[in-house]
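These notes are about the structure you will find just below.
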Amino acid sequence: MNHPLCANGCGFYGSAEYFNLRFNCYNEYQKQEHEINALASSIAHLSLANENIVAAASSDREFQNQDYAIRALASSMAQLSLANGSRCTCCDNRQGLMGFSCRCGNMFCVYHRLPEDHSCTFDFKTFVFA
Numbered sequence: 001m002n003h004p005l006c007a008n009g010c011g012f013y014g015s016a017e018y019f020n021l022r023f024n025c026y027n028e029y030q031k032q033e034h035e036i037n038a039l040a041s042s043i044a045h046l047s048l049a050n051e052n053i054v055a056a057a058s059s060d061r062e063f064q065n066q067d068y069a070i071r072a073l074a075s076s077m078a079q080l081s082l083a084n085g086s087r088c089t090c091c092d093n094r095q096g097l098m099g100f101s102c103r104c105g106n107m108f109c110v111y112h113r114l115p116e117d118h119s120c121t122f123d124f125k126t127f128v129f130a
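In full-length UniProt numbering, the protein residues as written are 1 to 130.
Given below as structure tokens:
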């Protein structure tokens with residue numbers, strides 16, 4: 001029986017019952033789906049609460065902009081949760097317990113942990129003087 005590699009790209013073998021993901025990747029996928037569904041339901045709740053404001057809007061373009069903003073927020077939240085994994089942002093090596101999180105919000109390996117090694121976007125000077 002030939003098992004396919006994990007669709008997440010972790011290097012382990014996946015299972016057809018977990019959508020060609022290994023069990024740990026499938027659990028992470030389920031957590032992300034739950035977070036996205038919770039975010040979508042809260043956005044839907046907010047849009048229902050603001051229904052009067054949307055109805056009062058004179059142009060349909062404003063509604064399209066709001067819908068675009070909601071979709072952009074949901075996709076950025078999904079990317080943020082995916083980006084906070086256990087892989088180095090620069091070289092994509094698995095880190096496990098030895099990963100270094102930077103103030104720019106990314107995870108790095110021992111070779112890219114210093115700000116000058118990964119072109120850090122965090123402004124340390126402003127942070128110190130603020």
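Heads up, the beta-carbon is just placed ideally off N, CA and C, and yes, glycines get one too.
Please read these numbers as outputs of a predicted model, since none were measured by experiment.
| Just how far apart, CA to CA, sit Leu-5 and Glu-17? | Rounded to the nearest angstrom, the two C-alpha atoms are 13 Å apart.
| Simplified DSSP state of Tyr-111, which is helix, strand or coil | Looking at Tyr-111 - three-state DSSP - the assignment turns out to be coil, as it is neither helix nor strand.
| Contact set for Leu-82: own chain, Cβ-Cβ below 6 Å, skip 5 residues either direction | Unreliable placement is indicated for Leu-82, whose pLDDT of 48 sits below 50; the coordinate value is still reported in the next sentence. Annotation for Leu-82: no residue places its beta carbon closer than 6 Å to its own, counting only its chain and skipping 5 residues before and after.
| Straight-line Cα distance separating Asn-8 from Ser-41 | Between Ser-41 and Asn-8, the C-alpha separation is close to 26 Å.
| In terms of alpha-carbon separation, which member of Asn-37, Asp-92, Cys-104, Asp-117 lies closest to Phe-127? | The residue with the shortest Cα to Cα distance from Phe-127 is Cys-104.
| request: Within 10 angstroms of the Cβ of His-118, are there 16 or more other Cβ atoms? Answer buried if so, exposed if not. | output: With 16 or more neighbouring CB atoms inside 10 Å of its own CB, His-118 falls in the buried class.
| Span of the alpha helix (DSSP H) holding Thr-126? | In the DSSP assignment, Thr-126 falls within the unbroken alpha helix (DSSP H) covering 124 to 129.
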